[in-house]
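Student: Chains as they are written, first to last, in the working numbering: chain V, 42 to 157; chain Y, -1 to 112.
I'd like to ask you about the structure that follows.
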C-alpha cells in the first residue's frame, strides 16, 4: 500500500498570504490528523477528521482550518500567514476501526512552510 | 488533562551499546495506548513500537523494547545494540481508547556515536 502523501513538500509564502496543504491518507484509512512541528514546541495537534467531520481540535487560532473529503483526503488552510506559522506540517492517517479511536497513526513526510 | 513528558532532550550512545529513553504520562483513563515514534533527520516519522495499557507484557520489536510501568505511568524505550541508523528524534505518544487525539512528548534527540 502507498503511504501517506502530502503536497506540496516545500512552500514559501509571505506574511498575510494564505496557504492550502493537502494530505492523502493510506488507502482504507478514515481518520486524518494534522500537526504543527517546530523545534521548540514539538508536535502540536491541530485537528482530526473522520468521515468528513472534524472530531477534535487543538488550541490554534481560527486562521487554521481544515476539511476532509469523501475519499478521506484532507486539506488544511492557513489564512493571513504570520512569521510564527513557519513550521513542518505533518499529516497522519489511521484506520479508526469501528469509527472510534484513531489507533496507530502513520505519518506523511510533511510540508515545510516558510513564511517570509 | 492528558500530558506526556520526555525529560531527556538529548542523549548519545556508543554504537553497539544499549540506551534507554524515558517517558512519563499523566491520565485518569484506564484504557489507553502508548507509542514510540522515530523521526530520522529530514526523514519521515515512523512507528517504532506500540503498547496496549491492558497488556502486562512489555512490547518488543527486534532491538527495541519497552518497560511499561502502569502504576508509575512510565513508558521507557530501550534500544539494544545501537546502530548509526538509530540516530533520530524519538517521540513518546499516548492515546485513550475512547479518544481521537494523540498526545506527544517534546522528543528526545538520540545520537549514536561510531
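Don't be surprised by glycine CBs; every beta carbon is placed ideally from N, CA and C.
So if I threshold CB-CB distances at 8 Å, which residues from the stretch 59 to 75 of chain V count as touching chain Y?
Tutor: 72, 74
Student: Who are the near neighbours of residue 87/Y in its chain, counting only those whose CB is closer than 6 Å to its CB and skipping five residues on each side?
Tutor: For residue 87/Y, where only same-chain residues beyond five positions count, the Cβ hits under 6 Å are 37, 105, 107.
Student: What three-state label does DSSP hand residue 75/Y in the structure shown?
Tutor: Residue state, collapsed to three classes: strand.
Student: Tell me which residue opens and which closes the beta strand (DSSP E) that residue 43/Y is part of.
Tutor: No beta strand (DSSP E) contains residue 43/Y, which DSSP labels as neither H nor E.
Student: Mind checking who residue 107/V pairs with in its DSSP beta bridge?
Tutor: Paired residue(s): 117/V.
Student: Residue 61/V: which of 108/V, 98/V, 72/V, 97/V sits nearest, CA to CA?
Tutor: Per the Cα distances, 108/V.
Student: Below 6 Å CB to CB, which residues in the same chain sit around residue 43/V once its five sequence neighbours on both sides are set aside?
Tutor: Nothing meets the Cβ criterion.
Student: By a C-beta neighbour count over all protein chains shown, 10 Å radius and 16 as the cutoff for buried, is residue 5/Y buried or exposed?
Tutor: It is exposed - the Cβ of residue 5/Y has fewer than 16 other Cβ atoms within 10 Å.
Student: Measuring straight from C-alpha to C-alpha, what distance separates residue 63/V and residue 11/Y?
Tutor: Their backbone Cα atoms lie some 38 Å apart in a straight line.
Student: Nearest CA to the CA of residue 109/Y: which residue from 85/Y, 103/Y, 90/Y, 99/Y?
Tutor: Measuring from the Cα of residue 109/Y, the nearest candidate turns out to be 85/Y.
Student: Let me know if residue 94/V comes out buried or exposed under the rule of 16 or more other beta-carbons within 10 Å of its beta-carbon.
Tutor: Per the 10 Å Cβ criterion, exposed.
Student: Any residues in the stretch 43 to 58 of chain Y with a beta carbon nearer than 7 Å to a beta carbon of chain V? Which ones, in chain order?
Tutor: 43, 45, 48
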